[in-house]
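Protein chains: 2
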Amino acid sequence: MNSFATTKPQSSATAGVNECECAKPFATTMADLLDAMGAEQGDRFAALQLPIAVRRLRAGENLAHQGATAEALYFVRAGTFKVFHTDVDGYEQVLAFATRGEVLGFDALCMESHPTAIAALESSSVFVVLRSDLMMLSVKMPAFSMALQRAGSLSLARSRELADLMAAVASEVRLARFLIHISQRMAAARLSPRRFHLSMGRREIASLLGVANETVSRSFSALALAGLLHVADRDVEILDMEGLKAYARSTRRRADESLVAPTGGMFTRRSTPGRRSTAGLRAMVS
Amino acid sequence: MNSFATTKPQSSATAGVNECECAKPFATTMADLLDAMGAEQGDRFAALQLPIAVRRLRAGENLAHQGATAEALYFVRAGTFKVFHTDVDGYEQVLAFATRGEVLGFDALCMESHPTAIAALESSSVFVVLRSDLMMLSVKMPAFSMALQRAGSLSLARSRELADLMAAVASEVRLARFLIHISQRMAAARLSPRRFHLSMGRREIASLLGVANETVSRSFSALALAGLLHVADRDVEILDMEGLKAYARSTRRRADESLVAPTGGMFTRRSTPGRRSTAGLRAMVS
DNA sequence: CGATCAGTTGAAGGGTCTCAACGCGAGTGG
DNA sequence: CCACTCGCGTTGAGACCCTTCAACTGATCG
Chain A
0 MNSFATTKPQ SSATAGVNEC ECAKPFATTM ADLLDAMGAE QGDRFAALQL
50 PIAVRRLRAG ENLAHQGATA EALYFVRAGT FKVFHTDVDG YEQVLAFATR
100 GEVLGFDALC MESHPTAIAA LESSSVFVVL RSDLMMLSVK MPAFSMALQR
150 AGSLSLARSR ELADLMAAVA SEVRLARFLI HISQRMAAAR LSPRRFHLSM
200 GRREIASLLG VANETVSRSF SALALAGLLH VADRDVEILD MEGLKAYARS
250 TRRRADESLV APTGGMFTRR STPGRRSTAG LRAMVS
Chain B
0 MNSFATTKPQ SSATAGVNEC ECAKPFATTM ADLLDAMGAE QGDRFAALQL
50 PIAVRRLRAG ENLAHQGATA EALYFVRAGT FKVFHTDVDG YEQVLAFATR
100 GEVLGFDALC MESHPTAIAA LESSSVFVVL RSDLMMLSVK MPAFSMALQR
150 AGSLSLARSR ELADLMAAVA SEVRLARFLI HISQRMAAAR LSPRRFHLSM
200 GRREIASLLG VANETVSRSF SALALAGLLH VADRDVEILD MEGLKAYARS
250 TRRRADESLV APTGGMFTRR STPGRRSTAG LRAMVS
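Have a look at this one:
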């Protein structure tokens, strides 16, 4: 009930089309494309006789298992998913959280089996495109092919943003960056970027950020103590967005190398070492 | 001269075709596809009149600048590239190293400008495909479309392997995993997986692994002291591959959650906390 | 109502960051 | 030709942040 993703206003297909008016004038996500095309009836797109089904999942349900043969590609229609990788030791490494418009299982296209597992974090639904239909769809529908390319590209760009998350040294900075990412996704989905409900647990956030789950708790408390956030379990309210962004900008000690020579040369160095404010948040609150 | 990547035996196109016999029976990389098709003459594929050019870069030269308008897609033909992101503070975060067969600039497909910069680490060459030609190529050549999808998929899979690298707590484990990745790439390229030359510096490795460059040096020394490696600047020889792999398997403290219920249920937990050997390499050498 | 689990907080220990110094090789200009 | 500079790589020492173990609270559920 309090989760944003389950209350997303995209119930009927006709309403979905009208919502796309001012979002991205040049780009359409695959979910929008399929939602607009299919007045889906009985989990089947009969309108254009496309071999695209809709599958609904409950919270905790797995969409794909790690190592399972990859038979289909999925596009998130509603809800939130986590992409993760389970080690031989049993440690679960979360690689990404996916929301509407993103493709799932794209990393399995270049191999036979899923390198990563996918699970729903809440009640969700996806479009299912069989791999065996992929070539036919690409040939018959250039728009599908382009949308698929863009979805894959977005997935890669998101994955690289993740590296930026984990690149920060301080755990509080990682969490701040993570929350800003969430906030920006919320804004893109026409939802409040200041107040939202996290559909994932502390442990999953910790895994994504590459820290211990206790550290995530402490970082939440620290950000709240600094007056940047208001945290109540999984409900987060950003009180000082500018302050949060400023804090998220803290980086590792600057590498001595920064600029590349304008033409053809080797790297040039600059000598200012720079130091990061190791005091961090504790300076803001005292 | 001592660099492997510049001595890769893929000089003529006809030889390149024969080399693909036993590698991947079902999949062809874009670089192989283009190399096999084009008896490239004058940096242009005149054979099939494809609008695909070849561009050569020297070490340190930039293929794309961060924030520049994305006009083309690139496929690595030879050499090594680094994909990186420069922070506002000037800190340079390395996101990936790319070798033959990988696509560059794929993450820019879903937007207008390059989110990441790309630079050559050594003398390299790429195939250049203009974005304006992408639709035409996809329609006229289904093989191109499929190869592009696979290249993007591979890029995403690699990016997620990176998250596995940075997920390890101990810096020595991160380096061990990194070296194993390099080794596996070498094997895929038909080169010695035990002895190779790193085309990137310590600082770039450190940035990729998310640690300080001094720590990378120390980790190299530690792995060498343990008898797993022999290191001479950028030349690495793996002495004990099994030992290295075993060591790379060390993970963060196991999350209590490990297995998902086979059907539809929530997560099940197991109570064995498990502890990682905090002694690490120091136990192996003493 | 006992059990289990998510989340929080505390305390101790260790690993990594940072600053610093050194050797070394390459490129440059005297 | 060689001193000089610059950057890379290595190693040492101290401070600090995070990990780990532990205990507690509150919520959910059978």
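Order-wise, the sequence lines are chains A and B. Heads up: the first sequence begins at 0 in numbering that gives the first Met the number 0, then just goes up one per residue. Heads up: the second sequence begins at 0 in numbering that gives the first Met the number 0, then just goes up one per residue. A virtual CB, placed ideally from N, CA and C, is assigned to each residue, including glycine.
Cβ neighbours of residue i in the same chain (closer than 8 Å, five flanking residues each side left out)
i, result
"L164 (chain B)", "R173, R176, F177, H180, L207 and L208"
"R130 (chain A)", "A69, E70, A71, L72 and L108"
"A223 (chain A)", "H229 and V230"
"A150 (chain A)", "T28, M29, F74, G100, E101, V102 and F105"
"A166 (chain B)", "T250 and R251"
"G89 (chain A)", "none"
"F25 (chain B)", "Unreliable positioning characterises F25 (chain B) in this predicted model, as indicated by a pLDDT of 47, which lies under 50. A coordinate reading is not provided."
"S182 (chain B)", "P192, R193, F195, I237 and M240"
C-beta atoms of residue i and residue j nearer than 8 Å
i, j, result
"L153 (chain A)", "E213 (chain A)", "no"
"A116 (chain B)", "H64 (chain B)", "yes"
"A162 (chain B)", "L62 (chain A)", "no"
"R201 (chain B)", "S216 (chain B)", "yes"
"L155 (chain B)", "F105 (chain A)", "yes"
"M199 (chain B)", "S191 (chain B)", "no"
"S158 (chain A)", "R159 (chain B)", "yes"
"R193 (chain A)", "M240 (chain A)", "yes"
"A119 (chain A)", "A58 (chain A)", "yes"
"S170 (chain A)", "S137 (chain A)", "no"
"L103 (chain A)", "V128 (chain A)", "no"
"L49 (chain A)", "Q148 (chain B)", "no"
Alpha helix (DSSP H) segment containing residue i, residue limits
i, result
"F143 (chain A)", "P141 to A166"
"L208 (chain B)", "R201 to L208"
"R130 (chain A)", "Per DSSP, R130 (chain A) belongs to no alpha helix (DSSP H) and is neither H nor E."
"A186 (chain B)", "S170 to A187"
"L243 (chain B)", "M240 to A247"
Partner residues on chain A for residue i, Cβ-Cβ distance less than 7 Å
i, result
"S158 (chain B)", "L155, S158 and R159"
"V138 (chain B)", "P141"
"V87 (chain B)", "R248"
"L94 (chain B)", "R159 and A162"
"A166 (chain B)", "Q92 and G209"
"R251 (chain B)", "Y90"
"H180 (chain B)", "Residues of chain A passing the Cβ test: none, with the nearest at roughly 14 Å."
Within chain A, partners of residue i - CB distance below 8 Å
i, result
"V127 (chain B)", "Chain A residues near V127 (chain B): none, gap ~17 Å exceeds 8 Å."
Cutoff 6 Å; reference residue i; Cβ partners in own chain excluding five residues on either side
i, result
"A14 (chain A)", "Here the model assigns A14 (chain A) a pLDDT of 36, short of 50, so the residue's position is not dependable, and the following value carries that caveat. The answer is none, since no qualifying residue turns up."
"G242 (chain B)", "L227"
"D132 (chain B)", "P50"
"R233 (chain B)", "H196 and L197"
"R55 (chain B)", "S124"
"E60 (chain A)", "A119"
"Y246 (chain B)", "A175"
First and last residue of the uninterrupted beta strand (DSSP E) at residue i
i, result
"V215 (chain A)", "No beta strand (DSSP E) contains V215 (chain A), which is instead part of the alpha helix (DSSP H) from N212 to L224."
"L94 (chain A)", "E91 to A97"
"E236 (chain B)", "D234 to I237"
"A119 (chain B)", "A116 to A119"
"A77 (chain B)", "A71 to A77"
"L228 (chain A)", "L228 to A231"
"R194 (chain B)", "R194 to H196"
"F83 (chain B)", "F80 to T85"
"A63 (chain B)", "N61 to A63"
"L190 (chain B)", "Run containing L190 (chain B): none; DSSP gives neither H nor E here."
Own chain partners of residue i with C-beta closer than 7 Å, once the 5 adjacent residues on each side are dropped
i, result
"L94 (chain A)", "V82, F83, H84 and T115"
"A211 (chain A)", "A205"
"Q92 (chain A)", "F83, H84, D86 and S206"
"V235 (chain B)", "L178, F195, L197 and L228"
"K244 (chain B)", "I179"
"E111 (chain B)", "T68 and A69"
Neighbour list for residue i in chain B, Cβ cutoff strictly below 7 Å
i, result
"S144 (chain A)", "S137 and S144"
Chain A residues whose Cβ lies nearer than 9 Å to that of residue i
i, result
"R148 (chain B)", "Sequence check: residue 148 (chain B) is Gln here, not Arg. In chain order: F105, L108, C109, L133, S137, S144, L147, Q148 and G151."
Contacts that residue i makes with chain B (C-beta to C-beta distance below 8 Å)
i, result
"T115 (chain A)", "R159"
Contacts that residue i makes with chain B (C-beta to C-beta distance below 9 Å)
i, result
"H196 (chain A)", "Simply none; closest approach about 19 Å."
"H229 (chain A)", "Per Cβ cutoff of 9 Å: no residues; H229 (chain A) is ~27 Å from chain B at best."
Practice task
Could you tell me whether the region 115–134 of chain B touches the region 75–92 of chain A, using the rule of 3 or more Cβ pairs below 8 Å?
Solution key: With a cut-off of 8 Å on Cβ pairs, the region 115–134 of chain B is not in contact with the region 75–92 of chain A, counting fewer than three such pairs.
Problem - Segment contact, 8 Å Cβ cut-off, at least three pairs: the region 188–207 of chain A with the region 242–251 of chain A - result: Short answer: they don't touch.
Handout entry: Sufficient close CB pairs (3 or more, under 8 Å) joining the region 93–100 of chain A to the region 26–33 of chain A
Key = Contact holds: three or more Cβ-Cβ distances are below 8 Å.
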